[in-house]
Each structure stands twice: as structure tokens, then as C-alpha cells.
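Inspection log for the structure reproduced underneath, given as C-alpha cells.
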Amino acid sequence: SVFTCNGIFLLNCNFQKVSFSGSSREKKKSERGFGAFQTLCFLPIILSLSFTAAMNGATGTQVNTADGGGGGGDPVGVQIQQSRRLPDFLQSVNLKYVKLGYHYLISHLLTLCLIPVMAVILVEVSQMNPDDIRQLWLHLQYNLVSVIICSAVLVFGSTVYIMTRPRPVYLVDYSCYKAPENLKAPYERFMQHSRLTGDFDESSLEFQRKILERSGLGDETYVPEAMHQLPPQPSMQAAREEAEQVMFGALDKLFANTSVKPKKIGVLVVNCSLFNPTPSLSAMIVNKYKLRGNIRSFNLGGMGCSAGVIAVDLAKDMLQVHRNTYAVVVSTENITQNWYFGNKKSMLIPNCLFRVGGSAVLLSNKSVDRRRAKYKLVHAVRTHRGADDKAFRCVYQEQDDTGKTGVSLSKDLMAIAGGALKTNITTLGPLVLPISEQLLFFGSLIIKKIFNKHIKPYIPDFKLAFDHFCIHAGGRAVIDELEKNLQLTQVHVEASRMTLHRFGNTSSSSIWYELAYIEAKGRMKKGNKVWQIAFGSGFKCNSAVWQALRNVKPSADGPWEDCIDRYPVKVVS
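FYI, full-length UniProt numbering numbers position 300 of the sequence shown as 300, with every residue one higher than the one before it.
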């Protein structure tokens, strides 16, 4: 405390040497203003010195525990000793808290710098008397041309900024399709049905059994009606019925929950990778709900499990152009005509993972919808690795040697997905990561370049940027790898694991089932940021970042409504 007082005294003495010129009144006013400035400037120093003294006092008493050793006494003895030394922060403080403090300091650096400046300005304004105000008015009159020019430039610049800035895109609500109970495909029924079809040999049946055991899927996933029949009926009519059941089921709930009339929809984007009939799926929706004639409709096909984020990005771009309207994004996949009935191992995996599901999302660019919207779209980042031949063919629809069509998954899929993820987060990182993480990452690259090429680069902590993670439930291996490489916790990947267990891989709609899980658990709070990340054929990795505008509650008739109390469950390894 003596050091603290001496430090403040010396600082005050140094500033007493400053002299002022002018009238007595100006001198007093300047002294008052400078005194306030002095206090604000040295407040952090005073606080830091006081904190140092407090730390010295707080660490004066230490309790050490040691083995008693001998003599029938207590095995543990307690010794109390006095110490005036500073603590060893590397030992007494967990470094993750130091890093967290560094993050908070850097993140709020601009605010910390602006507060003293604004305070000084307010002090000066509060001390102005009528004479000062009169002098200021005369000064403005003598420089009227300059004032007008500056005001015009300011107004013009503000107008240009307001007119050219991106319009906010709000997520009003969304719904996920839940199939009826009779379409459930428990493990035993799936294997029995596969055997009874007569299309698979014993080796293929055993392969499917092993995949199912390790897949992370539960016994309540759904397959389409055509696959429950013996023999299966993968007809065009059955595929249309599946598409209608999923899309219309999700849209009916969406319109009911939002009270938005279909006629108000200005943009419609539908994505389904493997089923693209004529008329299109988007045309089926226009016909069903009698949407208006000038609607901007799009039908995305062949873009894989990441097409849901692509559809959201397209809808966002359309909402930047067309004012005061709604956009609906429908994401689904069709299994009926894409079930593989051959014996090629790499083409059997989709049979074991893909299940019935779909989602419908209502977006708006109307400012009035902010009050009831759940989220605001912050970023959408897309990465395409199609220029690389291996990446292009790692998820590939083809025919086997017997002419049977299916989707083949390459053994390099995980490595290619990792490369696509790396490219995507390299673009996304600077947009979302706090400056502290960016500096640490940049510093690690410099050290690696100069000193040792074998040093692993610093992996940014994305947990500082996002509160929740919706990782595409493509399979257990994908979730495991992202959990490991992004250093996530079990809670962060819980939504992805439980969605895979309850609904299976529902393709591009899986990230919405995951978001619904987080809401059903009551974890989504105002200001929370969500990272939706999906992978798909091509090969693509796409990300969407949303920010919660309120404490979000699950919508009525949600996919988890009747089972959320049973989750999370332990997934068998």
C-alpha cells in the first residue's frame, strides 16, 4: 500500500509542473478539465497498483497439506505459514482462466478506450457556461460554409451507408417433419426385412449388421412406406408420395405456428439431392398451397447433405433484393427410389444411415418481424472442393457391376471432409472469432515458420465464438472427428448425437432437428450464437451462423415434444 500511495503521489507531482496561459477563468476551467482527464487516465494504473497490493495481502496466508509420516499421528498434517511473496500464477491459476481474461480484454478493448474519451467530453460539456456556448455559436456563424459542407457530407455518407448495408434476415420459425409410428424401422426389423427381400447375400447382410451396430442410430428412426413392403415398391408414385408427406407435413406445421398465409410467401427454395421429378418439388408446393403467380421459386438438386445451408444462403440473397417479403426454405431427401439393392459394400452404407426427415424454415426481411423472430442470420459461408478429383468422387451416385444404382462412399471421405472443414473455418474464423484467438493463431503460425516446422499450429477455440453447435448428423465418425479436432465437449455435440440416434441421417434437414433439440432442452438464451455446419457431395462444407433474439422456446408440435425427457441417452460404441 505504501508503494501504491507513492506511485500516485509521484504521478500527481509530475503533472503539477504543467503550466497554462490565458485568463484566470480559462486557467481554472483548463485545470478542472485536465484534472478530470488526469483522473481518468490514471484510474487503470491506480486500480492495477491497488490490485497488486490486494494480491500481496490475499496471498499472505497459505495452507499447505503434507503427509504426516510416522508415529501414529494423523496421516495428514496442516501447516499455516506467512508469506509476502507474489503467487506463482503459472501454478496457482489455471491457464485457461488467464486465456479467458485475455479474450475479454481484447474483445472489449475499443469500449475500454472510448469510455475515458467520452467521459472527458461529457465533463467538458457539463462545465460550459453561457459565454462558452455564445462563443461556440459565433464560431459556427463565421464558418457557416464549412459547417454546411461537413453536414452535407455527413448526411450523404449516412444515407449511402443505410441504403447499401445488408438487410437483416430473420428466422421467424421452422418446423421438422415427424413420420407416423408405423414407419419406424427398429434394428431387428430392418435386418429381417433386408434378408427377406432376397437381394443381399450373407456377406452384405453381415456388413449391414456391423454398420448398424456402430452407426449410432436408435430403434425409432423411420424409412418410407415403400421400403416396408415385401417386395419393396420403389416406384415413381411411391417416391412422390414420400416427398409430399414430408414436405407438406413440415409446411402445414410451419404455417400453423406462424399464422402466415401462403399467399404472402415471395420466395421459395426447395432442396432435395436425389429425387428431382417433373414438375419439380417446388412446383408441387406451389400447386398444393396455391402460392402467388409471381413467386420466385427454386429447386436445388444433387447438392448433398449440405444443400440446406446453400438454400438458406440463396434465400438470404433473394431477401436482399426483394423488400418486405417472406422466404420459405424446404429441405428434404427422398429414400424410396434411392435404396440400394446390390452387394457392393461402399454402396450399402447409405441404406444403414439415411432415414426419412425434412424441414421447413420461414425467413423474413421485414423489420416488424424482429419482435417475434427466433434468430437473425449473421453469416453464411460456403466452401466447394469440386476442383479436386478425389473430393468430387468421394460421394458418387453410380451403378454397380450388375446395373443397380446407388450412392458410393469413398474410403477417403473423412480426410476429404476434414480438408473441406479446414477451408471453411479458415474463411469463417476471421468473421466470428474474437481478436484474441486470431492473434494467438497468427502468432503460432509465425513461431512455427521461424523456429520449428514440426510445431502444431494453434487451434482456435471456437467455443469463444459460439454457444451451440449443430454438426450435420451424417454419421458417428463425423461427429467424433469434429468433437476431437474442434476441442468440443460432450454437451456441444449432444444435439448431433441424439438427432442421429432418434432420427438417423435426415440429410440436409438434420441441422434443424439438432436446433430443435437445443430449444427443447431450454438451452437457447437471448444473444446465444449457433453454428450450423454441414457436409455434402461435391465435395462441399457449408456453415450458417445464427444469433438468438430472445430466450427461445420450442415451437408447438416439435419433433422432440414427446421424447425429450428421455434424452440424452447413452449411445453404444
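Note that CB positions come from ideal geometry on N, CA and C, so glycine has one too.
Quantities reported herein were computed from a predicted structural model and do not represent experimental measurements.
| query | result |
| --- | --- |
| Thinking Ala420 and Phe248 are a contact (beta carbons under 8 Å), I'd like their distance in whole angstroms, please. | With 8 Å as the limit, Ala420 and Phe248 do not qualify as a contact, their Cβ atoms being about 33 Å apart. |
| Of the choices Ser364, Asp562, Ile455 and Pro234, whose alpha-carbon is the least far from that of Arg502? | Asp562 |
| How close, in whole Å, do the beta carbons of Glu483 and Gly418 come, if the pair is a contact with beta carbons under 8 Å? | Wrong, their Cβ atoms sit about 13 Å apart, outside the cutoff. |
| Can you name, in chain order, every residue of its own chain whose Cβ lies under 8 Å from the Cβ of Arg476, other than the five neighbours on each side? | Arg214, Ser215, Gly216, Arg497, Leu500 and Val571 |
| Please look up how many angstroms separate the CB atoms of Val223 and Arg355, rounded, as I've assumed it's under 8 Å. | 6 Å |
| Go through its chain and collect everything with a Cβ distance to Glu514's Cβ below 6 Å, but skip five positions before and after it. | Cys470, Ala495, Ser496 and Thr499 |
| Which first and last residues belong to the beta strand (DSSP E) in which residue 589 is found? | Absent from the model: residue 589. The displayed extent of the chain is 1 to 573, so no value can be given. |
| Which same chain residues end up closer than 7 Å to Met318 when comparing Cβ atoms and leaving out the 5 residues on each side of it in sequence? | Val267, Arg296 and Ala327 |
| Can you pull the DSSP bridge partners for Gly358? | Thr332 |
| Starting from Leu171 and walking both ways along the beta strand (DSSP E), at which residues does that stretch end? | Tyr170 to Cys176 |
| Report yes or no: do three or more beta-carbon pairs, one from the region 368-382 and one from the region 539-548, lie closer than 8 Å? | yes |
| Can the beta-carbon of Pro554 be found closer than 8 Å to that of Cys176? | no |
| If we require 3 or more residues per run, which beta strand (DSSP E) segments fall completely within the region 219-307? | 265-271 and 296-300 |
| Could you tell me which of Ile425, Lys390 and Thr402 sits nearest to Asp412, measuring between CA atoms? | Lys390 |
| For Leu362 and Tyr517, which I take to be in contact (beta-carbon distance under 8 Å), what is that distance rounded to the nearest angstrom? | Contact flag wrong, Cβ pair sits at about 19 Å. |
| Are three or more beta carbon pairs between the region 521-539 and the region 380-396 nearer than 8 Å? | yes |
| Count the other CB atoms, across all protein chains shown, that sit within 10 Å of the CB of Cys150; report buried if there are 16 or more and exposed otherwise. | exposed |
| Looking only at its chain, what residues have a beta carbon closer than 6 Å to the beta carbon of Gln397, apart from the 5 residues adjacent to it on each side? | Val407 |
| To the nearest angstrom, how far is the alpha carbon of His468 from that of Lys253? | 25 Å |
| Quick one: measure Cβ to Cβ for Ser367 and Ser509, integer angstroms, because I've assumed they're closer than 8 Å. | About 29 Å; that fails the 8 Å criterion. |
| Among residues of its own chain, excluding the 5 on either side of Lys529, which ones have a beta-carbon nearer than 8 Å to its beta-carbon? | Val378, Val432, Ala465, Phe466, Asp467, His468, Val545, Trp546, Gln547 and Ala548 |
| Please confirm whether Val329 and Ala307 have their CB atoms less than 8 Å apart. | no |
| Based on the DSSP secondary-structure assignment, which residues constitute the bridge partners of Lys529? | Gln547 |
| Quickly, what does DSSP pair Thr405 with across the bridge? List them, please. | Gln399 |
| Given a cut-off of 8 Å on the beta-carbon distance, is the pair Arg240 and Pro277 in contact? | yes |
| Go through its chain and collect everything with a Cβ distance to Thr423's Cβ below 8 Å, but skip five positions before and after it. | Thr383, Arg385 and Cys541 |
| So what's Gly522 in DSSP terms, helix, strand or just coil? | coil |
| Using the Cβ count rule (16 or more neighbours within 10 Å means buried), how would you classify Met128? | exposed |
| Which term fits Trp512, buried or exposed, when burial requires 16 or more other beta carbons within 10 angstroms of its beta carbon? | buried |
| Buried or exposed: which applies to Ile450, given that a residue is buried once 16 or more other Cβ atoms fall within 10 Å of its Cβ? | exposed |
| I'd like to check one pair, His228 with Leu183: are the Cβ atoms closer than 8 Å? | yes |
| Sort Leu114, Gly198, Val552 and Gln245 by Cα distance to residue 597 and report the nearest one. | The structure shown does not extend to residue 597, since the chain is modelled only from 1 through 573, so no value can be given for it. |
| I'd like to confirm the pairing. Which residues does DSSP put opposite Arg382 in its beta bridges? | Asn542 |
| Which one or two residues does DSSP pair with Phe469 in a beta bridge? | Trp531 |
| Between the C-alpha atoms of Leu409 and Gln208, what's the straight-line distance to the nearest angstrom? | 14 Å |
| Here's a check: name, in chain order, each residue in its chain whose Cβ is nearer than 6 Å to the Cβ of Met55, leaving out the five neighbours to either side. | Per-residue confidence for Met55 stands at a pLDDT of 39, beneath the threshold of 50, marking its modelled position as unreliable; the derived number appears in the next sentence. Counting only Cβ-Cβ distances below 6 Å, and skipping sequence neighbours, we find nothing. |
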